[in-house]
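Heads up: the sequence shown begins at 1258 in the working numbering, then just goes up one per residue. Structure first, then comments.
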Amino acid sequence: MKRKKNSWPKPRLLFAVVVAIIGGFLFGYYTGVISGALIFLTPVFHLSSAGQGLVVSIVLIGAMIGALSGGVLADRMGRKWAMVIMACLFLVGGMVMVLAKTYEVLLLGRFLSGVGAGLTSLVTPLYLAEVSPPHYRGAFVSSYQLAVTVGILSAFLVNFLFAPTGDWRWMFGVGIFPALLLLIGLFWVLETPPWLLAHGKGEKAVEVMKSFQNDREWKGVLPSMKKKIEPHKKGEWRALFQRKFRPILLIGLILSACQQITGINAVIYYAPMIFTFAGFASTTGAILASVGLGIMNVIATLFSMWLLDHAGRRRLLLIGVAGMGLSLGVLSLAFFFHAGWTDWISVVSLVVFVASFAIGLGPVTWVVVSEIYPMKIRAKGMTVAMFTNWLSNFLVSLTFLNLVSFLGKGKVFLLFGLLGIGAFFFIFRWIPETKGRSLEEIETEEV
Ligand code: BGC
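Written out as structure tokens, the structure is:
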């Protein structure tokens, strides 16, 4: 197959992408770091298991609030200023956690960084989709997911590093540095052209397009962008529920839920525990095996980024979900027939599971959700999708351990596997292929 040569992205655009995805890194870092910090926090603050549960899940509650407010902020203040608020939340949240003397203050810090993570999940992919030329959009938006996975892996490594001294304050504190970097970097980041056009700043929009894309690219998309984008009006939430938008609203919402209900965070948040269930005798061995999963998550995401703009969104989603369903089936069988080899089968199936997620539902969900909505309802549609994503994440993480003791491990993984099969059929029937088309073309053809 002969590929058309695309021009290399301009440095100004690459800089904006690199700065924006630091938000993804912080999201991954603060959701991942708690698994290690929790062990040391528990005796300091005399936490009961309910207290432990709250310190873990309050981030997800904050994230739901962040996702809900993200659409309004991104539409009113602009994508860039919404990112500035998100950087401040991460920065202040990190500092509060480092200095926390009481449990309540610690919860406040976790909550603030959660609101930051919720905002990020909406604003960063939105920003990336709106500044990317069509042929790089898959790679740029999925670089956000790459940053999330690097954030998670860094958190696992930092936990490992500080574990001998039990310094939980530094486990949280390390996140302050990237948050500061994000805030400083944002001073040089430009607003997106679609937002500028919708807010009557046409000249500024052209200026930004010139510094982000070469002449052929921006001249090609500007006319249709001008034609498609309507001036922004306050309080247009009702538009979201118009009959013509209902199908894409549902598609975004269901895809976002699928990313979570197929079990990824049961694995990411509880991996060492699952490995112990499977028969690993040493905790260090189980923690190290989890670091291995984190590494696989990064590698497979890189692979997916490389493929996305050639193989297309649908194909990667379908292959990824099929791999997830298959590996969950094998894992549940291993638990049903618990035998001497269950520990190794669990390692292999969890590695395949994480790799399959990282090829499909991990990055592609962000890409599809940021490109299927027309400009008029884009931020609002993403709000609904991202809220659903965090809510499903919250429900899965909250119920996983109870489900395990109620149903047994084999049945819980079988349940995730069955949900994966459901996701496969949903994607096959409903997800459109958006590879290589401009957001305006997608808007015309989809609605
Ligand atoms: C999901 C997170 C998950 C992470 C794992 C993200 O796309 O939204 O919930 O922890 O991927 O890599």
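Don't be surprised by glycine CBs; every beta carbon is placed ideally from N, CA and C. The structure displayed is predicted, hence computed values, not measured ones.
Any non-hydrogen atom of the ligand BGC closer than 6 Å to residue i Cβ
| i | result |
| --- | --- |
| T1599 | no |
| I1318 | no |
| G1328 | no |
| G1619 | yes |
| V1405 | yes |
| N1522 | yes |
| I1441 | no |
| I1525 | yes |
| N1416 | no |
| N1471 | no |
| N1659 | no |
Local conformation of residue i per DSSP, three classes
| i | result |
| --- | --- |
| I1278 | coil |
| M1334 | coil |
| F1594 | coil |
| N1554 | helix |
| L1311 | helix |
| W1265 | coil |
| E1474 | helix |
| G1665 | coil |
| I1684 | helix |
| R1367 | helix |
| G1459 | helix |
| V1362 | helix |
| P1451 | helix |
| P1382 | helix |
| P1567 | Residue identity check: residue 1567 is His in the sequence provided, not Pro. DSSP places H1567 in helix when its eight states are reduced to three. |
| E1698 | helix |
| F1444 | helix |
| L1270 | helix |
| V1316 | helix |
| I1296 | helix |
| I1486 | coil |
| S1305 | coil |
Alpha-carbon to alpha-carbon, residue j and residue i
| i | j | result |
| --- | --- | --- |
| K1485 | A1412 | 42 Å |
| L1506 | V1398 | 20 Å |
| V1704 | A1277 | For V1704, the pLDDT reaches just 41, beneath the cut-off of 50, and the residue's location in the model is therefore unreliable, leaving the point undetermined. |
| A1420 | V1312 | 19 Å |
| T1519 | Y1630 | 24 Å |
| L1676 | A1579 | 11 Å |
| K1259 | R1694 | Model confidence at K1259 stands at a pLDDT of 47, short of 50, so the residue's coordinates are unreliable; what they give is reported in the following sentence. Cα to Cα, K1259 sits roughly 18 Å from R1694. |
| Q1516 | I1322 | 19 Å |
| E1690 | S1561 | 16 Å |
| L1410 | V1605 | 19 Å |
| F1284 | V1353 | 17 Å |
| I1684 | G1582 | 14 Å |
| E1525 | G1289 | The sequence given here places Ile at residue 1525; Glu does not occur at that position. Each residue's alpha carbon lies about 8 Å from the other. |
| P1450 | S1468 | 11 Å |
| V1648 | A1455 | Note on identity: in this sequence residue 1648 is Leu, with Val being the wrong assignment. L1648 and A1455: Cα-Cα distance of roughly 30 Å. |
| A1436 | V1621 | 25 Å |
| N1650 | F1644 | 10 Å |
| D1424 | F1282 | 21 Å |
| W1265 | V1465 | 17 Å |
| K1461 | K1483 | 13 Å |
| D1332 | G1457 | 13 Å |
| V1341 | L1325 | 17 Å |
| L1440 | I1318 | 24 Å |
| M1639 | L1565 | 21 Å |
| L1438 | G1373 | 15 Å |
| V1609 | S1584 | 6 Å |
| R1367 | L1418 | 21 Å |
When the options are compared against residue i, the one with the closest alpha-carbon
| i | options | result |
| --- | --- | --- |
| G1569 | G1327, L1383, H1392 | H1392 |
| A1612 | F1502, A1543, G1551, I1279 | G1551 |
| G1536 | Y1401, S1513, D1600, T1622 | D1600 |
| T1381 | V1661, R1336, L1652, G1423 | R1336 |
| F1657 | I1531, G1542, M1643, L1564 | I1531 |
| S1547 | A1331, V1316, L1655, L1607 | L1607 |
| V1329 | G1665, R1500, W1494 | W1494 |
| L1497 | A1636, E1697, V1355 | A1636 |
| L1271 | L1369, S1306, F1297, R1394 | R1394 |
| L1655 | L1696, N1522, L1585, G1549 | N1522 |
| I1576 | S1589, K1633, F1614, G1373 | F1614 |
| L1545 | L1369, A1514, V1587, A1528 | A1528 |
| L1379 | L1671, S1627, F1663 | S1627 |
Residue i at chain D interface by Cβ criterion, 7 Å
| i | result |
| --- | --- |
| L1655 | Checking the listed chains, one finds no chain D in this structure; it contains a single protein chain. |
Cβ-heavy atom distance, residue i to the ligand COA, below 6 Å
| i | result |
| --- | --- |
| L1506 | With respect to the ligand COA, the structure offers nothing, as its ligand set consists of the ligand BGC. |
Ignoring anything shorter than 4 residues or poking outside the region 1489-1526, list the alpha helix (DSSP H) runs there in chain order.
-> 1494-1497, 1503-1518
At which residue ranges does the region 1387-1442 contain complete alpha helix (DSSP H) runs of 4 or more residues, listed in the order of the chain?
-> 1391-1419, 1425-1430, 1433-1442
Only counting runs of 4 or more residues, tell me where the alpha helix (DSSP H) segments fall wholly within the region 1571-1652, in order along the chain.
-> 1599-1616, 1618-1628
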